Amino acid sequence: MKLVFATNNRHKLEEISAIIGDKIEILGLNDIGCHDDIPETADTFEGNALLKARYVKNKYEYDCFADDTGLQVEALNGEPGVYSARYAGEPSDSEKNIDKLLANLRDAENRKASFVTCIALVTGSEEHVFYGEISGKIIRERRGSSGFGYDSVFVPEGYEETFAEMGEEEKNKISHRARAVKKLSDFFNTL
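According to numbering that gives the first Met the number 0, the stretch in the sequence shown is residues 0 to 190, in order.
See the structure below:
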């Protein structure tokens, strides 16, 4: 079975493929010749994931899933949220996003945060939504060199290491995306 993941993000494609295994062949947007800048104009993770998956299904006629992922920080009233990738502005820059996050949290004692992933699956005329979340905290300086996005400043609950210090295999076992993808994978196992 082939399924398009509506992303050009190499890290996400590798992470999802590692979690799903060889049950389903995962194609990226480049694999189907989609070089469009798919709009993410919704104000929720679910809304953005559905926009992307519907876009690919309608324009390219492939069954598709898309995700929207973000970091929600309690002391910042849920920011950066759906704006996580472009928190510091356009174009998206992970290092600048982290700099802005750490600056905004400079004097905050409450460092609680969570990563949230919503995956929307559009197949035929059906739509399904799967969520994954992991709680943790934002530390005061970057640690680690693997991962991407905010991984170097996020320590998951029950751990001492950041996602960037864990390495991909360990992170893939516990991450927010892994939890949402597991639900997606379980769904396919019921078909």
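Note that beta-carbon positions come from the ideal geometry of N, C-alpha and C, so glycine has one too.
Predicted model only: the values in this text are computed from it and were never measured.
Item, Value
"Euclidean distance between Cα positions of A163 and G143", "5 Å"
"Reference E39; option with closest CA among E94, E24 and G80", "G80"
"C-alpha gap between A63 and C33, whole angstroms", "For the record, residue 63 in the displayed sequence is Cys; it is not Ala. Going by the C-alpha atoms only, they are around 13 Å apart."
"DSSP state of Y61 mapped onto helix, strand, coil", "coil"
"Residue range of the unbroken alpha helix (DSSP H) whose run includes K172", "E167 to I173"
"The stretch 0-13 in contact with the stretch 91-111 per 3-pair CB rule at 8 Å", "no"
"Beta-ladder partner(s) of S113, from DSSP", "Q71 and S134"
"Cα-Cα separation between S151 and A74, rounded to whole angstroms", "19 Å"
"Sequence-distant residues of the same chain with beta carbon closer than 7 Å to A52, five excluded per side", "A5, C63, F64, A65, A119, L120 and V121"
"Y59 to E108 span [Cα, whole Å]", "48 Å"
"Span of the alpha helix (DSSP H), counted from its first residue to its last, around K11", "R9 to I19"
"For Y130, the nearest candidate out of E24, I37, N57 and F186 (CA to CA)", "F186"
"Extent of the continuous beta strand (DSSP E) run through K95", "Counting along the chain, K95 falls outside any beta strand (DSSP E), though it belongs to the alpha helix (DSSP H) covering S93 to N103."
"L49 - DSSP class collapsed to helix/strand/coil", "helix"
"Boundaries (first-last residue) of the beta strand (DSSP E) holding I25", "E24 to L26"
"Close beta carbons around M0, own chain, < 6 Å, minus the five adjacent residues each side", "I23"
"For A119, three-class secondary structure by DSSP", "strand"
"Beta-carbon gap between A112 and F153 smaller than 8 Å", "yes"
"Beta-bridge pairing of D66 - partner residues as DSSP gives them", "I118"
"N188 to G77 span [Cα, whole Å]", "34 Å"
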